[in-house]
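Right, one structure below, let's go through it.
Residue numbers (my numbering): 81 to 369.
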């Protein structure tokens, strides 16, 4: 409780101040003449209808700015051919180029905001090169340099699998980032631990342990190509995680493919600031826990 205060001595009233002399009113100013509104200018007409090439270039720049990558086609990547025995056929058709710019925009938009910029900011630059064909039976490839320069080459000739291929190659980009920029080499050990006992990668000429429709509980690989090495194993699984319209039976808790998908998602959670375990990312929507 606060103690009572001592009453204060009343103050002597102050002498009232002398009122000030009123000032002489100023002469009113003459109102200004209103300004004449400016006549709106007629927008200038473009010199010509934009060509498809110009439309593509504007759209490409929008995609590049949004996702912090570089897109090339035609002669823009010189005679780039990372596999000596294959000579890529360059893509010049502007309508086809536009079609695949749309796909690239759609695919990249499936990832969290800032996901690609996070990798670019760490020094892992991304370059996408669209060609007509790569050669052989190859529909896409990723080349990662130790300095972080990454090129993904995508074949447009068979467009049905362009998005699937792009997700596959983006997994290689993500793995490169986690290993080089984040110094996390655990991907190989993680995949080996989830393979059959004693299994070694490389037996791509058979469908042993491959999902063929009725063996979800015993399937370890999405395709025989996934048995090439742990990187292709991860990329084939991740592409499936990104493109399935419905969730197949192998996404059942405890099944080998589900556990591999879970491992991939966990490693991404651990290495990206734009991803967290509390949010179900698009690639996690089928994983069973």
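By construction, the Cβ of each residue, glycine as well, lies at the ideal position given by its N, Cα and C atoms. In this text, all values refer to a predicted model and were calculated from it rather than measured experimentally.
Under the DSSP definition of a beta bridge, which residues are partnered with residue i?
i           : result
residue 206 : 230
residue 223 : 231
residue 403 : In the structure displayed, the chain extends from 81 to 369; residue 403 sits before or after that span and is not available.
residue 169 : 213
residue 218 : 215
Would residue i and residue j qualify as a contact pair, given that the criterion is a beta-carbon distance under 8 angstroms?
i           : j           : result
residue 273 : residue 332 : no
residue 319 : residue 251 : yes
residue 148 : residue 200 : yes
residue 157 : residue 209 : yes
residue 344 : residue 314 : yes
residue 321 : residue 341 : yes
residue 202 : residue 261 : yes
residue 151 : residue 143 : yes
residue 191 : residue 222 : no
residue 290 : residue 247 : no
residue 264 : residue 136 : no
residue 194 : residue 354 : yes
residue 174 : residue 132 : yes
Give me the residue from the options with the minimum Cα distance to residue i.
i           : options            : result
residue 299 : 338, 214, 312, 310 : 338
residue 172 : 266, 235, 330, 362 : 235
residue 287 : 302, 142, 275      : 302
residue 304 : 317, 291, 284      : 284
residue 316 : 363, 359, 352, 358 : 363
residue 153 : 169, 145, 146, 165 : 169
residue 237 : 220, 204, 225      : 220
residue 139 : 184, 166, 127      : 184
residue 249 : 207, 276, 266      : 207
residue 326 : 306, 361, 366, 130 : 366
residue 306 : 275, 198, 197      : 275
residue 145 : 334, 189, 330, 155 : 189
At a cut-off of 7 angstroms, would you count residue i as near the ligand MG, judging by its Cβ distance to the nearest heavy atom?
i           : result
residue 184 : By its list of ligands, the structure shown contains no ligand whatsoever, and the ligand MG lies outside what it can speak to.
Taking 8 angstroms as the threshold, find out whether the segment 292-307 comes into contact with the segment 231-238 through three or more Cβ pairs. no
Do the segment 233-242 and the segment 175-183 meet, that is, are 3 or more Cβ pairs less than 8 angstroms apart? yes
Given 8 angstroms, three or more beta-carbon pairs between the segment 300-310 and the segment 267-281: yes
Decide yes or no for the touch test of the segment 204-217 against the segment 279-288: beta carbon pairs closer than 8 angstroms, at least 3 of them. no
Tell me the start and end of each unbroken alpha helix (DSSP H) in the segment 269-325 that is at least 4 residues and wholly inside, in chain order. 310-323
For the segment 324-358, which segments carrying the beta strand (DSSP E) assignment without a break, of at least 3 residues, lie completely within its bounds, in sequence order? none
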